[in-house]
Every structure is written in structure tokens, then in C-alpha cells.
Amino acid sequence: MATDRSAARKVFDSFARAVADIPDGAVMMIDGFGGPGGMPSFLIAALRDQGARNLTVIGNTAGLPGFGAKAGQEFITTAVLYENRQVRKTIASFPVPRSPSVMTPFRKAWQAGEVELEVAPQGTLAERIRAGGAGIAAFYTPTSAGTDLAQGKETREFGGRLHVLEHALTADYAFIRAHRADTMGNLTYRGTSRNFNPAMATAARVTIAEVDEIVPAGEIDPEAVVTPGIYVRRIVQRPGAGQ
Amino acid sequence: MATDRSAARKVFDSFARAVADIPDGAVMMIDGFGGPGGMPSFLIAALRDQGARNLTVIGNTAGLPGFGAKAGQEFITTAVLYENRQVRKTIASFPVPRSPSVMTPFRKAWQAGEVELEVAPQGTLAERIRAGGAGIAAFYTPTSAGTDLAQGKETREFGGRLHVLEHALTADYAFIRAHRADTMGNLTYRGTSRNFNPAMATAARVTIAEVDEIVPAGEIDPEAVVTPGIYVRRIVQRPGAGQ
Amino acid sequence: MKQPMDRDVMAMRVAREFQDGDVVNLGIGIPTLASNYIPEGRRVTFHSESGVLGYGGVLDDGEGDIDLINAGGQFVAPLPGMSVFSSADAFAMIRGRHIAVAVLGAFQVSERGDLANWMLPGRGIGNVGGAMDLAAGARRIIVVMEHVTKDGQPRLVRRCTYPLTGLRCVDLVVTDLAVIAVTPQGMELRETAPGYSAADIQAMTEARLTVAKDVREVEL
Amino acid sequence: MKQPMDRDVMAMRVAREFQDGDVVNLGIGIPTLASNYIPEGRRVTFHSESGVLGYGGVLDDGEGDIDLINAGGQFVAPLPGMSVFSSADAFAMIRGRHIAVAVLGAFQVSERGDLANWMLPGRGIGNVGGAMDLAAGARRIIVVMEHVTKDGQPRLVRRCTYPLTGLRCVDLVVTDLAVIAVTPQGMELRETAPGYSAADIQAMTEARLTVAKDVREVEL
């Protein structure tokens with residue numbers, strides 16, 4: 000049964016310590032939806048400082064400046080990992096800003112041939128991550144059938160409609176941005192900041208959550224838990240309240 | 000945008016009216032987990048009284064007396080539909096009581112050859128229903144590989160492990176037992192009464208929810224909604240408070 | 000006098016398609032504008048692949064909350080009866096055919112309803128976002144776009160030359176010049192902007208148009 | 000003197016396998032009993048396919064809540080830090096290999112670790128419930144059962160003759176007479192009930208047993 004001693008086991012006191020063991024070549028799930036809401040910025044910054052290289056980064060974007068942010072609001076995205084040349088492969092649905100004239104560290108790295116890109120439809124990406132966490136090896140979806148993104152993939156008709164076989168994604172580490180954690184690792188989110196975080200939390204060997212506050216077990220209504228603690232290995236509280 | 004007038008559209012004032020249009024031959028998703036918690040008993044009773052025949056019933060059980068109930072507690076399960084000879088096919092994971100000596104209407108109908116049975120592993124059943132609601136035509140699962148329940152199904156290795164191809168399930172109608180609904184059809188549940196209900200709610204053309212209470216839109220925290228209103232077509236309140 | 004529709008008129012025309020009770024997903028740009036013109040007496044619920052159902056209008060920077068955005072990253076207002084959910088759940092709704100209408104922008108639409116709206120050829124890198132999921136999943140796809148490109152090239156084409164988003168998925172196209180339905184028999188011109196004849200429209204359209212018996216000027 | 004283990008001793012022996020931090024799924028019967036014997040200082044979280052994680056002990060009829068049951072339909076106690084979720088999510092946890100240990104009953108276990116526990120041959124109808132999902136998904140499967148049938152037939156067999164639940168999935172078997180590990184080389188006898196020799200155990204076992212170098216009487 001849960002005891003108070005268990006509290007200390009998941010709660011880490013620094014972002015640096017929480018990411019310290021990430022090795023070169025690790026497969027990472029990080030991003031939220033692209034904006035500051037749902038973005039595990041402190042964990043990303045810690046990974047930049049930690050310096051692991053040859054990473055694969057799975058996320059909705061590859062760092063979009065200003066997306067979903069207040070005017071002039073600064074926030075750290077996975078862009079800093081491209082800037083620091085830590086990434087060798089990206090799987091994303093919306094990798095670059097809409098305007099081709101907006102240069103980003105990812106776009107620069109991609110143009111220089113330093114990073115490999117796999118573009119996946121956003122819903123397929125979310126479902127592949129969910130499948131990875133749920134022990135589903137692969138699934139048939141109608142999304143992308145007949146398009147360039149289905150090239151080289153197996154297809155098959157179901158109910159007279161062409162479907163594409165898509166494979167599960169898993170990761171070594173997932174960085175999660177949640178609102179509240181209890182000491183058992185149960186998480187809640189805020190609004191659309193939920194996005195890719197709950198699925199990513201299920202699909203990594205080690206899931207690390209960056210949260211606004213950590214409360215004792217029992218403080219989160221069992222009905223309101225979005226990510227059950229079984230999926231969360233490490234929790235770190237962001238400095239300051241709220242954000 | 001939501002207006003107060005919308006309230007009246009999903010809320011039905013009688014169980015009989017809510018099930019009136021179910022035709023002979025309909026595919027139904029009903030059950031909860033087997034016990035009174037999560038069982039849409041009033042809707043089941045209304046369907047018995049309505050009399051539609053040749054139904055396919057997809058559910059975890061096919062009516063288990065006493066399961067998950069207080070000693071002597073009476074509750075209506077899908078058993079009444081078998082008793083009334085309304086069912087021609089069942090898909091279930093736990094169709095009969097553990098003891099072969101406990102006779103149930105389903106067991107009797109099955110022994111008499113009046114009802115066809117497909118047994119599915121519980122997790123595969125839940126995932127097939129979820130897939131039906133999520134537009135996934137089929138998926139590969141390791142569950143049941145190499146067993147009798149995989150006979151006649153396609154298999155394939157992923158990562159050196161045998162997987163079975165399982166197809167999505169959808170229904171014409173789902174009966175849902177929830178705790179609270181708002182007038183937009185958003186639902187919350189209580190404890191383990193959630194079980195198959197949220198997945199079933201997504202997988203039917205017409206989802207009908209039986210709830211303890213109906214509150215105005217805005218009374219349920221957007222973060223705590225388990226079944227978003229998009230999935231719920233009709234809502235009926237159970238007589239009396241609580242149950 | 001020939002009078003192309005402006006962005007707001009196009010949005011208004013699109014909004015007339017929304018039926019009472021519809022759940023609608025709006026793309027960025029003119030599609031988002033359509034939320035300002037819901038016909039009186041119809042209840043429409045908005046869905047965004049950012050993970051929210053039943054949200055309200057777009058908010059400005061001051062009122063906005065970074066934890067409540069639409070798929071374009073704009074801040075939106077909460078409404079009573081709103082719910083939030085994960086991306087996996089948001090796309091389960093889309094792929095599972097629970098969205099009545101998606102309104103999307105496009106580069107090209109072919110006469111059989113193929114849609115190209117995610118990638119410009121030659122750009123090398125494309126943002127697909129949720130476009131393919133919406134194309135495959137929404138029960139009805141309305142495209143809203145300029146009738147021709149800036150260079151005057153038709154966007155309604157026999158076959159798309161841009162990378163496809165989805166096959167045979169578009170149901171209705173609203174442009175600044177016309178309203179055109181995609182039917183099993185091909186494209187049918189149903190409404191024109193004021194002052195345009197069917198021949199005017201066909202002249203700016205590569206796709207072959209049939210003309211509806213009751214073709215008329217667009218009404219709002 | 001030969002002293003078979005009783006149900007509580009078997010449950011106690013099973014519980015010794017739980018490691019600190021494990022999430023454990025317990026089948027009905029002796030497996031459920033194991034929750035009473037968690038070793039001091041180890042934190043174990045219980046999962047049930049009824050849709051709950053972090054619940055407490057079994058409650059009697061009076062205290063029970065019909066909205067908080069385990070997979071066997073028994074009422075269980077809430078605990079701080081508990082969470083509830085749907086069946087689809089409960090089995091995502093199982094299939095996705097997030098459950099450290101499942102403790103299951105069985106009719107037969109084969110020497111390569113095949114499990115038969117869901118259907119008696121000839122009964123015509125079987126309740127599979129979550130058995131196959133647990134067999135395929137839990138990271139470690141411990142079977143707890145009587146060493147032989149009521150008729151004295153071995154349950155540890157060369158090949159299962161009953162319908163299979165899962166292939167090569169069992170890691171450890173705890174019976175009333177012995178503790179036997181399933182290794183890549185086959186079954187290994189590790190512990191015996193008091194007074195039983197390795198030869199005694201093999202005599203009641205159809206599967207071929209190797210005897211661990213440090214085979215010993217079961218310790219609790």
C-alpha cells in the first residue's frame with residue numbers, strides 16, 4: 000500500500016537530476032501542442048544543459064516561435080535542442096512555422112541535412128503514441144490513404160474504404176507538462192494544455208512530469224485523474240507558482 | 000453556440016420514449032462490467048418492454064446474478080432480454096456465472112441453440128469498441144495469440160512476438176449508465192462503474208445515457224468530463240436520487 | 000456589376016451550411032470567421048483538434064489564456080458545457096466520424112473532390128497538422144478558398160497537381176466567386192457571386208462544371 | 000512430516016515476490032489473499048481490470064460500495080492516491096506492459112510456461128474475462144494453484160491439454176507443495192513444502208523438473 004515514504008521516490012528536487020541519466024541516442028517524446036501551454040520547458044532546458052546527443056524527438060512540432068503565446072512571451076521549446084545540435088531525427092505533424100520565411104533552428108538543421116524528418120498526420124501521430132502505450136503493435140486508419148504520407152506503407156480495404164497500416168511509437172523518455180501531481184504520480188492538466196501529454200506519458204519507459212504543484216496523495220479526486228500514477232516515474236515542480 | 004433551448008433536445012422524459020425507435024435486428028452495446036454499478040437497468044427494462052427482437056448484444060457479460068451486488072440486491076441486467084427471447088447474438092468476455100450449475104437466461108438460450116455466442120478477451124473487447132468509436136478499422140494485439148480465441152484470425156509478428164488482427168465493433172445503439180449528465184450530454188461516472196460505458200458511448204450511432212442527475216451546462220468542470228457531449232444523443236434521469 | 004465575395008461574405012455563406020446540432024471544426028483563416036455568422040436559432044458546437052469541444056469566440060491577447068487555444072494557436076473563450084481532452088481523444092472524435100462538418104482552406108480541389116491543402120510542391124517540407132485526419136474523418140468537408148491563385152491559375156482542377164490531403168472527400172466549395180457542390184457526377188455550380196454568369200465561372204475553372212437547374216446568385 | 004502449504008501460506012509466499020514500487024494485478028481467490036501479506040517496507044499498488052489503480056482491501060457487504068469493485072465483483076476500499084478509469088484504459092495498462100506482476104490461478108501450466116486457466120474442456124462455454132490480456136501483458140506472471148487436481152492428476156504438465164490462455168507466459172508457479180520457476184531451460188524446482196523431497200515433487204509432476212542447486216524448504 001501507499002505510504003508516506005513513497006512520496007519521496009517519485010518527486011525529484013531538480014530538473015537537472017530528473018534528466019541526468021538520458022543517454023546519447025535516446026528516443027524522446029516531448030512537445031505538447033506547440034505553444035507554451037503544455038510545453039515542458041524546464042525539462043527541455045535541463046536536457047539542453049545535460050547535452051545528450053543523437054536524440055530522436057517525437058512531438059507535434061519542432062519548435063514554433065510565438066505559437067499559442069502572448070505577444071512577446073518567451074518560452075522554451077524543443078527548438079533549443081536543434082540549436083544545440085542534439086537531435087538526429089524528428090517525427091512531427093507540424094514541424095515548421097506556416098511562413099517559409101520564418102527560420103527556426105529545426106528548419107536550419109533540416110536544410111543543412113543534419114536532422115532526418117518524418118511527417119505524420121497529427122491524429123495518426125497521437126494514435127501511434129497511444130498504441131505504443133497500450134500494447135497495440137499497429138492499426139489501420141483511413142487517414143492519409145492515397146496521399147504521399149502513405150507511400151511505402153501497407154494499405155488495405157475495410158468496408159470498401161482504403162486504410163493505411165500505422166505502427167506504434169514508444170520512447171525511452173517522455174517529458175510531460177501537467178498542472179498538478181500527487182505524490183503517487185497522478186496528474187491533472189489545464190485546458191488544451193492536455194494535448195499530447197497524456198498519450199506520451201503512457202508510451203515511454205521513463206516518464207518525467209513537470210508540474211505547477213505537487214500535492215499529497217488523496218488530494219486529487221480519483222475521478223478527475225487524467226494520467227494515473229502508474230505511468231509517471233519522476234515529478235519535478237516548476238519554480239514559482241502557476242508558471 | 001449552446002443555448003438553453005438545446006437542453007430540451009437531448010433530455011428525454013421517459014425511458015420508453017428514449018428506446019422507442021430501436022428496430023428489430025439492432026446491434027446494441029449494453030452492460031457495464033456485470034454488476035449493478037454501471038448497469039443501465041432502466042434502459043434495459045424499457046427495451047424489454049419495447050420488445051425489439053433479433054438483437055445483437057455486445058457487453059462484458061450476458062447477465063450474472065449477484066455479481067458486484069449487495070447480498071439480496073435485485074438489479075436488472077441484459078438477462079431479461081434473453082428471458083424475453085429478444086437476442087440472437089452475443090459478444091461477451093464473461094458470458095456465464097463461474098459455476099456451471101447456476102442457470103441463467105443466457106445459458107439456457109445458448110444451450111437451446113437460440114443465441115449465437117462470440118467470446119472475446121475483455122481487453123480486446125474494450126479495445127475493439129474503442130476502435131469502433133475512434134475510426135480505427137482493425138488493430139494488432141498480442142492478446143489471445145496462439146489460443147483457441149485466435150482461431151481463424153489473421154496473425155502476424157511484430158518485434159518477434161505473435162499478434163492477432165482484431166476488428167472494430169460499432170453499434171446502432173449504446174445504453175450507458177453514468178452518474179451525472181449536463182444538458183449538453185457531457186457525462187461523469189462513479190468509481191468502477193465507468194468500465195465499458197465510456198468506450199461504448201463513442202461507438203454507437205445513437206448513445207442513450209441513464210443518469211442519476213441532470214445539471215445545467217456549465218455545472219460539470221470541463222476538466223472532469225469523461226464522456227464529452229458529442230457522443231451522447233439522449234439522456235434520461237433515473238427515478239429517485241442516487242439510485 | 001461583378002462583385003466577388005469578400006472574406007466575411009464567404010464566411011457568412013459557409014455558416015449557412017451549419018445545421019442545428021452540428022459539431023463543427025473550423026480551420027485557420029476564413030473558416031474561423033464563420034463562427035461569427037451562425038444562423039439564428041441553430042445550435043452549433045465547435046471542436047478543435049487542440050483538445051476542446053464547445054468553446055466560444057476568439058479572444059485577444061489580453062483576455063487569452065495560454066491553456067485554452069484552438070488548433071491555430073489562437074486564444075478562445077470558455078463556454079458553459081465545454082469539455083477538454085487529449086489529442087488522442089480529439090482525433091478519435093474526428094477519425095470516428097463524430098464531427099459533422101469541417102471547414103478547410105485549400106490550394107486545389109479536383110472535380111471528384113480530391114483535396115490538396117497541406118503542402119506546396121517544391122517546398123520540401125510540409126506541415127500536415129490535422130488536415131489529413133479531418134479530410135478522412137469529418138462527415139462533411141466544406142472548402143473555402145479564392146477561386147484562382149494570385150497568378151490567376153484555377154484552383155478547381157481536373158486533377159490535383161499539388162500533394163493530396165485526401166481523396167474524394169470534399170462536399171462543397173465556397174470561393175469568392177461561386178458555390179460549387181461535388182456530386183457523384185462531378186462538380187455542380189449552384190450559386191454565383193453577384194454579376195457572374197455560369198460561363199464567367201467556368202472560364203476561371205479547370206474542372207468541368209455542370210450548372211444546377213436552379214443556379215442563382217448567392218443568398219445570405 | 001509432510002506439510003502442504005495452506006491457502007494463506009501460499010498467498011504469503013506469493014507476496015514475497017512483490018518488489019517495492021510494483022503495480023500488481025491479483026486474480027480471484029488465493030491471489031487476492033496475497034494483498035494481506037505485503038512484506039514490510041515494500042510499497043505495492045494494486046490494479047484491477049474493473050478500472051481502478053491504488054485501491055485497498057476487500058470490504059464486506061455492509062461497508063461496500065457497488066461503484067468500487069475489483070474484477071471478481073468484490074467491494075474494495077478506496078485509498079489516498081487512487082484513480083479510476085475505463086475498461087479500455089485499464090486494459091491499455093495491462094497490454095502496454097505497465098503491470099509489473101499478475102497473480103493468477105490456473106488449471107495447467109506447461110513446462111515451457113504455457114498457461115491454461117480459462118476454460119474446462121467439454122464445458123462448451125468459457126469465461127475468458129481478462130485472463131488472456133493479463134497473460135499477454137503483465138511483465139511477470141505468477142501462478143498460484145494446487146499442485147494436482149482433486150483426482151490427483153498433475154497440473155504441471157509437459158503440454159497443456161486444456162485450452163490455452165497464453166503461450167510461454169508463466170514465470171513462477173507457487174503450489175501447495177512447491178515453488179517452481181519457469182526458465183528458458185524449463186521448469187526448475189526452487190522450494191518445497193516442509194517434508195517434501197525433490198523426488199516427492201517430481202512424482203506428482205508430469206513436467207520435467209530440474210532441481211535448483213540451492214533448493215530448500217519454503218521460507219516466509
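Chains as they are written, first to last, in numbering that gives the first Met the number 0: chain S, 0 to 242; chain Z, 0 to 242; chain V, 0 to 219; chain H, 0 to 219. For glycine and all other residues, C-beta sits at the position ideal for the given N, C-alpha and C. Values in this document were obtained by computation on a predicted structure and should not be read as measured data.
Around S:T226, the same chain offers L186, P197, A200 as residues with beta carbons nearer than 6 Å, after the five sequence neighbours per side are excluded. Identification of chain H residues near Z:N194 by a Cβ-Cβ cut-off of 7 Å yields S49, G50, S85, S86, ordered along the chain. Contact between Z:I175 and Z:I207 holds, since their C-beta atoms are separated by about 7 Å, short of 8 Å. Taking 7 Å as the cut-off, the beta carbon of V:P193 is found closer than this to the beta carbon of V:E216.
Non-local beta-carbon contacts of S:Y139 in its own chain, meaning distances under 8 Å to residues more than five positions away in sequence, involve R155, F157, H162, V163, L164, E165 in chain order. Going by C-alpha positions, Z:I57 is about 12 Å away from Z:G33.
Proximity to S:A173 across S:V10, S:V114, S:A25 peaks at S:A25, based on C-alpha coordinates.
For S:I128 against S:A180, the beta-carbon gap comes to about 20 Å, at or over 8 Å, which does not count as contact.
Taking 7 Å as the cut-off, the beta carbon of S:P221 is found no closer than this to the beta carbon of H:S49.
Unbroken beta strand (DSSP E) stretches of 3 residues or longer found wholly inside the region 175–228 of chain Z: 203–214, given in chain order. Judged by DSSP in its simplified three-state form, V:N35 adopts helix. Listed in chain order, the alpha helix (DSSP H) runs fully inside the region 61–137 of chain S are 78–82, 104–110, 121–133, counting runs of at least 4 residues. Here the alpha carbon of Z:Q49 sits roughly 16 Å from the alpha carbon of Z:D12.
Per DSSP, the unbroken beta strand (DSSP E) holding V:L188 starts and ends at 185–191.
With contacts defined as CB atoms closer than 7 Å, V:V127 and V:M9 fail to qualify as a contacting pair.
Counting of Cβ neighbours within 10 angstroms places H:T148 among the exposed residues, the total staying below 16.
Taking a Cβ-Cβ threshold of 9 Å, the residues of chain Z close to V:G53 are M0, A1, M183, N185, A216, P221, P227, G228, I229, in chain order. Taking C-beta atoms as the reference points, H:Y161 and H:A115 count as a pair closer than 7 Å. Taking CB atoms only, V:M144 has no neighbour in chain S less than 7 Å away. Per DSSP, H:R154 is not a residue of any alpha helix (DSSP H), being assigned neither H nor E.
Taking C-beta atoms under 8 Å as the contact rule, S:N59 and S:D23 fail to qualify, at a distance of about 24 Å.
For S:F157, the enclosing beta strand (DSSP E) has its first and last residue at 154–157.
Rounded to whole angstroms, the gap between the alpha carbons of H:N24 and Z:R193 is 19 Å. Assignment of beta-bridge partners to V:R42 by DSSP yields no partner. With respect to the 7 Å criterion, H:G72 and Z:G71 are not classified as neighbours on the basis of their beta carbons. Assigned with DSSP and collapsed to three states, H:Q18 falls in coil, not helix or strand.
Closest in alpha carbon position to S:Q121, among V:A135, V:G112, V:R111, is V:A135. Spanning the alpha carbons of S:T103 and S:K88 requires a straight line of approximately 16 Å. D19, G20, V22, S34: these are the residues of the region 3–36 of chain V whose beta carbon lies less than 9 Å from some beta carbon of chain Z, given in chain order. Residues of chain H with a Cβ closer than 7 Å to the Cβ of Z:S143 are, in chain order, M131. At a cut-off of 3 residues, the continuous stretches assigned as beta strand (DSSP E) that sit fully inside the region 83–125 of chain H are 100–103, 107–109. The beta carbon of V:P38 does not come within 7 Å of any beta carbon belonging to chain Z, so the residue lies off that interface.
Taking the beta carbon of Z:E126 as reference, the chain H residues within 7 Å of it are A87, F90, listed in sequence order.
Contact between H:D113 and H:C159 is confirmed by a C-beta separation of about 5 Å, below the 8 Å threshold.
Taking 7 Å as the threshold, the shortest C-beta distance from Z:R52 to chain H does not fall below it.
Assignment of Z:Q236 by DSSP, reduced to helix, strand and coil, places it in the strand class.
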